[in-house]
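Going left to right, the sequence shown walks through residues 1 to 520 as the UniProt record's numbering numbers them. Glycine is no exception: its CB is placed at the ideal position from the N, C-alpha and C atoms. Okay, structure first, notes after.
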Amino acid sequence: MAYNTNVYFIFLILVAVVYSITPKRYRYVTLLLGSLIFAYSFSRVFISWTLLAGGIAWLGGIFIDKIVSQEKGLKGDEKKKVKKRAKAAMLIPVISLLAILIGLKYTNFIVTEIMKAVGTNSLIISQRLKSLVVPIGISFYTLQAISYLLDIYWKREKAEKNPLKVLLFLMFFPTLMEGPIARWGDVKDSLFEGNPITLDTISDGSIRIVIGLFKRMIISDRLNVVVNRLYAPNLQLDGVMILLTAVVTTVQLYMEFAGTIDIVIGSAKIFGITLPENFRQPFFAKSAAEFWRRWHITLGTWFKNYIFYPVSTSGLMKKWGRFGRKHCGKYLTNVVTSAIALLPVWILNGLWHGPKWPYIIYGIYYFIILLLEVVLKPAGERIHRGLHLSEDGKPLGIIRMVRTWIIIIFGEMLFRANTFGQFLHMMASLFIFPGNSINYTLNTKVLGLDIGDVIVAIAGSIIVFIVDYKLEKDPMYLNRIHELSRVKRWGLYYLVIFSIVIFGAYGVGYTPADLIYAGF
Numbered sequence: 001m002a003y004n005t006n007v008y009f010i011f012l013i014l015v016a017v018v019y020s021i022t023p024k025r026y027r028y029v030t031l032l033l034g035s036l037i038f039a040y041s042f043s044r045v046f047i048s049w050t051l052l053a054g055g056i057a058w059l060g061g062i063f064i065d066k067i068v069s070q071e072k073g074l075k076g077d078e079k080k081k082v083k084k085r086a087k088a089a090m091l092i093p094v095i096s097l098l099a100i101l102i103g104l105k106y107t108n109f110i111v112t113e114i115m116k117a118v119g120t121n122s123l124i125i126s127q128r129l130k131s132l133v134v135p136i137g138i139s140f141y142t143l144q145a146i147s148y149l150l151d152i153y154w155k156r157e158k159a160e161k162n163p164l165k166v167l168l169f170l171m172f173f174p175t176l177m178e179g180p181i182a183r184w185g186d187v188k189d190s191l192f193e194g195n196p197i198t199l200d201t202i203s204d205g206s207i208r209i210v211i212g213l214f215k216r217m218i219i220s221d222r223l224n225v226v227v228n229r230l231y232a233p234n235l236q237l238d239g240v241m242i243l244l245t246a247v248v249t250t251v252q253l254y255m256e257f258a259g260t261i262d263i264v265i266g267s268a269k270i271f272g273i274t275l276p277e278n279f280r281q282p283f284f285a286k287s288a289a290e291f292w293r294r295w296h297i298t299l300g301t302w303f304k305n306y307i308f309y310p311v312s313t314s315g316l317m318k319k320w321g322r323f324g325r326k327h328c329g330k331y332l333t334n335v336v337t338s339a340i341a342l343l344p345v346w347i348l349n350g351l352w353h354g355p356k357w358p359y360i361i362y363g364i365y366y367f368i369i370l371l372l373e374v375v376l377k378p379a380g381e382r383i384h385r386g387l388h389l390s391e392d393g394k395p396l397g398i399i400r401m402v403r404t405w406i407i408i409i410f411g412e413m414l415f416r417a418n419t420f421g422q423f424l425h426m427m428a429s430l431f432i433f434p435g436n437s438i439n440y441t442l443n444t445k446v447l448g449l450d451i452g453d454v455i456v457a458i459a460g461s462i463i464v465f466i467v468d469y470k471l472e473k474d475p476m477y478l479n480r481i482h483e484l485s486r487v488k489r490w491g492l493y494y495l496v497i498f499s500i501v502i503f504g505a506y507g508v509g510y511t512p513a514d515l516i517y518a519g520f
């Protein structure tokens, strides 16, 4: 029941119909039942792990809230005792949730790597561990559960007494497989309100879904054919093909993930539920740090709020800050602070994506890049002044954007590689340019597409990037569709829909691109 299938849209319509005839007070129960059916269709009996996580978050939140509420009016030793109890009440459910995640998702990887390190090869153990079934969306709902508990512990939110509402927050079916990763405060007002389904919510939601289908079916699913060929084991690629691979991989990943998020947000809009955005024109970023404020926004925000800030504002780091500024200078203090705070963020970011070395090294890659941006910033500013380049000027902005593209496309190539060895082999081949390289690259049979497919994929990508450019200039650009006359507006809707029907990559010869983040 992937988000880009007919089965999902039939399911969405059925849930919407039942939701509409359910009394407002109980509509959230309808959404929960739909979410349970959706999760069961993927996880079967292993949905019990999801239910267990929901129970841990619910009970943990209540206990944390009860203890932190006792702090009011206390002073001295009594307040310290209550704080210790509150911390213990927070750590127990958080560690329990992490134990479930690690046990189900990472045990096979950890044990396999240990056996390799000690020179043991136990095939039986490896096969048994591979039989562990990871519940769908475990990485997403675990982060949401932890954020819920920490927000209660930090007194940002009050605990929810109704376990069904906590469970719905964790496993709302449009967000279960690919996010976005919502915070309790982001969605609690609309998720449980029981807002009516109206022509406006259907229209707004459907427009967003159609935009997502355009990205997926016209571009992503078509480029998926190329990407699968380019990453085939033992395939020998030259420099031109490596560059093509880097670019196509990046575009395909963006269209797959952003398109799916459009479908997710559109599905929620139909029920009057507002989800946080997950993309904001990422290819207009002028640095790697800015890119991650525009790409997978909710994941980056989660790591910023629950890892980066707690580390950088910890007592130990404050002591270092005072010592460093006094004895080492502001620059070195800032570099060391950034390194210490960024390292766990990016190691965990890589691990979150999965138990696979390319993902872990992908995290380390961005740690190094972001740290270099901090280290080289003063030198860069001096060079810009020497060249009379304005920090806000267009020439420097274009240079920074192109530099960021280079960082991104090779990062995404590492992300997509089957093994780290394959990535290294591709990088080693980057500067090999045989005489017939260009002709070989332009041979559409090599790419797995005919010339018509190539033209459609390029044209579709250009349209998406033009819209992104317009949104960069005017964030309300798409809302202007509603200002068009009814004839023009519906003419535009039908044009996009018929484009998907006519040019969408489906049927014989096409395999829909896997929901990459659904495996995380």
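Taking the beta carbon of residue i as the centre, do at least 16 other beta carbons fall within 10 Å, making it buried, or is it exposed?
i, result
"Y494", "exposed"
"R382", "exposed"
"E160", "buried"
"G194", "buried"
"N162", "exposed"
"D392", "exposed"
"D65", "buried"
"Q252", "buried"
"L101", "buried"
"D474", "exposed"
"S220", "buried"
"P378", "exposed"
"V134", "buried"
"I211", "buried"
Going by the beta-carbon positions, is the gap between residue i and residue j smaller than 7 Å?
i, j, result
"S41", "M90", "no"
"A341", "S312", "yes"
"W346", "Y366", "yes"
"L370", "A288", "yes"
"N278", "I261", "yes"
"W302", "I136", "no"
"E412", "T245", "no"
"S190", "T298", "no"
"V227", "K155", "no"
"A16", "I270", "yes"
"V187", "L223", "no"
"I498", "I218", "Checking the sequence shown, residue 498 turns out to be Phe, not Ile. No, the pair does not count as a contact, with Cβ atoms beyond the cut-off."
"M426", "I146", "no"
"P93", "I47", "no"
"L12", "S267", "yes"
"W352", "S139", "yes"
"F257", "G34", "no"
"Y477", "L471", "yes"
"F192", "Y28", "yes"
Please report the residue range of the alpha helix (DSSP H) in which residue i lies.
i, result
"S314", "No alpha helix (DSSP H) contains S314, which DSSP labels as neither H nor E."
"H425", "F420 to A428"
"E160", "Taken as a continuous stretch (DSSP letters only), E160 belongs to no alpha helix (DSSP H), as it is neither H nor E."
"I218", "Here I218 belongs to no alpha helix (DSSP H), and DSSP marks it neither H nor E."
"G137", "Segment: none, G137 is in no alpha helix (DSSP H) and carries neither H nor E."
"E193", "E193 -> no alpha helix (DSSP H), and no H or E assigned at all."
"F284", "No alpha helix (DSSP H) contains F284, which DSSP labels as neither H nor E."
"A39", "R27 to S43"
"G60", "I47 to V68"
"L414", "K394 to R416"
"K116", "T107 to A117"
"V18", "N6 to I21"
Using a Cβ cut-off of 7 Å (strictly closer), state whether residue i contacts chain E.
i, result
"F38", "In summary, chain E is missing from the structure at hand, where a single protein chain is found."
Who does residue i pair with in a DSSP beta bridge?
i, result
"I279", "Strictly speaking, residue 279 in this sequence is Phe, with Ile absent from that position. F279 is bridged to W295."
Less than 6 Å separating the Cβ of residue i from some heavy atom of the ligand ADP?
i, result
"S338", "Summarising the ligand content, the structure contains no ligands, and the ligand ADP is consequently not present."
Which whole runs of the alpha helix (DSSP H) in the segment 318 to 383 are 4 residues long or more, in chain order?
330 to 353
Residue ranges of each beta strand (DSSP E) within the segment 442 to 494, 3 or longer:
none
For the segment 242 to 274, which segments carrying the alpha helix (DSSP H) assignment without a break, of at least 4 residues, lie completely within its bounds, in sequence order?
Listed in chain order, nothing qualifies, since the segment 242 to 274 has no complete alpha helix (DSSP H) run of 4 or more residues.
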